[in-house]
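What follows is one structure encoded as structure tokens, with my remarks underneath.
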């Protein structure tokens, strides 16, 4: 079992993604080979080594159980996942057997015909009964199961305890205090961002919209309408975009930043605060700020309130085109098992999707507490529509934020244009 065989150059990933065709659906393979090579695509993390180690542990046991089977793993950038995975749906010959995918992509990938229905296998899996209901919902479309939940994730506020102590600052208890505190830090330390924010960090911006009473969309599956241009949503957009400027995070540097970029800025000591996930813990601890930070729930509008967080996370799914269905399902269950999720938590800080395992890790690791509190307070999800994959991949919300922070459009015009694009996507989804 060679580790080098599992790692494929990211440059090749980017080159392939750049010319990926649009998906037109795929078909089931009529083969179910019990040996050979299984190809797996997993997401590249900010600090990927602990994830690789947790995965390699599973692969060693899998290959031992299946003597004539080899697994190759390719770690692909999250930012280019849409093009790469949709291209795979169109080209079964070069497609992987098993993929990691964001839980917001489930409905779209099912509509594209790319994921295999594993309802029966999931129901027969002993550990599945302990899956968190929200996580189970994230792999379910129209009552059928299309994968196994891999981890659940929410975001909270990371802050530098040493910087706060030296400047005599209190931890923000409202979003207004968060903004003013960030500006105070920037004024006192011009070379540091008060809080690292990104114009391409959709899931870091959403809590501001939700905390002000706004919504991304209204309705239900099959009949969504954008609400991003409502009065309440605009208040949240204004709050978030006010953090882009020379008094905190200059637009020239921060408008193009995504979630990983903001975490990297914090971990490297360039920012006093950042909105990061429980899954960011390992990357932060691997940086310069280890031992000099703490985490609290992201505050809402009212003092002491917690801003609603996006209920994120990733799933694992078998492609419908696989010629190794039985092996791929077995590997999926092994990677998503309680043992593997526990190891992934130990290495990366990713919260398990099993309720009992999550309780166990929360009891032994203090850093989990603010994220568990956030989960308990209020979480929200994106519209459960195939249109969301199109909205996300076409960067509708990042474009809106970037137009505002660059001064090209005001909040009203930018949100109105974003709403129009979202409604076109909802309409085309059927």
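In mature numbering (1 follows the signal peptide of the UniProt record, and there is no 0), the protein residues as written are -20 to -1, 1 to 410.
Don't be surprised by glycine CBs; every beta carbon is placed ideally from N, CA and C.
In the DSSP assignment, the alpha helix (DSSP H) including residue i goes from what residue to what residue?
| i | result |
| --- | --- |
| residue 327 | 318 to 328 |
| residue 351 | 349 to 357 |
| residue 295 | Here residue 295 belongs to no alpha helix (DSSP H); instead the beta strand (DSSP E) covers 292 to 298. |
| residue 182 | 182 to 191 |
| residue 391 | 391 to 409 |
| residue 38 | 29 to 45 |
| residue 158 | 155 to 168 |
| residue 339 | 335 to 344 |
| residue 378 | 376 to 385 |
| residue 373 | 367 to 373 |
| residue 313 | 305 to 315 |
From this set, the options, which residue's C-alpha is nearest residue i's C-alpha?
| i | options | result |
| --- | --- | --- |
| residue 128 | 368, 297 and 408 | 297 |
| residue 325 | 309, 260, 287 and 385 | 260 |
| residue 192 | 377, 256 and 279 | 279 |
| residue 117 | 85, 189 and 275 | 85 |
| residue 124 | 37, 87 and 359 | 87 |
| residue 367 | 205, 333 and 355 | 205 |
| residue 199 | 373, 374 and 365 | 365 |
| residue 108 | 335, 355 and 399 | 335 |
| residue 132 | 388, 247 and 328 | 328 |
| residue 283 | 72, 23 and 158 | 158 |
| residue 175 | 392, 387, 224 and 24 | 224 |
| residue 243 | 264, 330, 55 and 340 | 264 |
| residue 209 | 377, 246 and 39 | 377 |
| residue 310 | 56, 106 and 29 | 106 |
| residue 239 | 285, 161 and 177 | 177 |
| residue 399 | 286, 46, 213 and 29 | 213 |
| residue 156 | 188, 140, 172 and 269 | 188 |
| residue 152 | 55, 281 and 29 | 281 |
| residue 139 | 333, 245 and 354 | 245 |
| residue 46 | 29, 304, 407 and 100 | 304 |
| residue 409 | 203, 35, 137 and 27 | 203 |
| residue 312 | 44, 102, 60 and 57 | 102 |
| residue 356 | 197, 135 and 154 | 135 |
| residue 184 | 257, 160 and 249 | 257 |
| residue 171 | 137, 233 and 150 | 233 |
| residue 249 | 267, 339 and 363 | 267 |
| residue 411 | 197, 390 and 342 | Because residue 411 is not part of the residues shown, which for the chain are -20 to 410, the question remains open. |
| residue 55 | 154, 28, 73 and 354 | 28 |
Looking only at its chain, what residues have a beta carbon closer than 7 Å to the beta carbon of residue i, apart from the 5 residues adjacent to it on each side?
| i | result |
| --- | --- |
| residue 1 | In this predicted model, residue 1 has a pLDDT of only 37, less than 50, meaning its place in the structure is not dependable enough to derive any value. |
| residue 186 | 290 |
| residue 394 | 380, 383 and 384 |
| residue 337 | 318, 321 and 322 |
| residue 236 | 179 and 180 |
| residue 308 | 18, 77, 78, 298 and 302 |
| residue 38 | 314, 315 and 320 |
| residue 162 | 174, 175, 223, 228 and 253 |
| residue 285 | 279 |
| residue 121 | 86, 87 and 90 |
| residue 396 | 209 |
| residue 182 | 377 and 378 |
Can you give me the start and stop residues for the beta strand (DSSP E) that residue i sits inside?
| i | result |
| --- | --- |
| residue 49 | 49 to 56 |
| residue 20 | 16 to 23 |
Among the residues of its own chain, which have a CB less than 6 Å from the CB of residue i, if the five just before and after it don't count?
| i | result |
| --- | --- |
| residue 316 | 128, 130 and 296 |
| residue 190 | 288 and 360 |
| residue 195 | 207 |
| residue 83 | 118, 293 and 295 |
| residue 375 | none |
| residue 3 | Residue placement at residue 3 is poorly supported in this model, since its pLDDT is 42, which falls under 50; the coordinates still yield a value, given next. Contacts found: 66, 69, 70 and 92. |
| residue 371 | 402 and 405 |
| residue 25 | 31 |
| residue 211 | none |
| residue 251 | 173, 176 and 245 |
| residue 75 | 68, 299 and 301 |
Near residue i, which residues of its chain fall below 8 Å by C-beta distance, leaving aside the five closest residues on each side in sequence?
| i | result |
| --- | --- |
| residue 89 | 65, 69, 81, 95, 126, 297 and 369 |
| residue 306 | 12 and 14 |
| residue 373 | 62 and 63 |
| residue 41 | 314 |
Is the region 160 to 178 touching the region 221 to 239, taking contact as three or more C-beta pairs under 8 Å? yes
With a floor of 4 residues, list each alpha helix (DSSP H) that falls wholly inside the region 65 to 140, ordered by position along the chain. 86 to 91, 99 to 104 and 113 to 117
Are there three or more Cβ pairs, one per stretch, closer than 8 Å when the region 39 to 53 is compared with the region 16 to 30? As far as the Cβ criterion goes, the region 39 to 53 touches the region 16 to 30, which means the pair count is three or higher.
Fully enclosed by the region 221 to 291, which beta strand (DSSP E) runs are 3 residues long or longer? 253 to 257 and 273 to 276
Contact between the region 346 to 363 and the region 272 to 286: three or more CB pairs below 8 Å? Yes, they touch.
Can we say the region 396 to 403 touches the region 102 to 114, given the rule of at least three CB pairs closer than 8 Å? With a cut-off of 8 Å, the region 102 to 114 and the region 396 to 403 do not count as touching, because too few Cβ pairs lie within range.
Under 8 Å: do the region 213 to 228 and the region 141 to 150 share three or more Cβ pairs, one atom per stretch? No, the region 213 to 228 is not in contact with the region 141 to 150.
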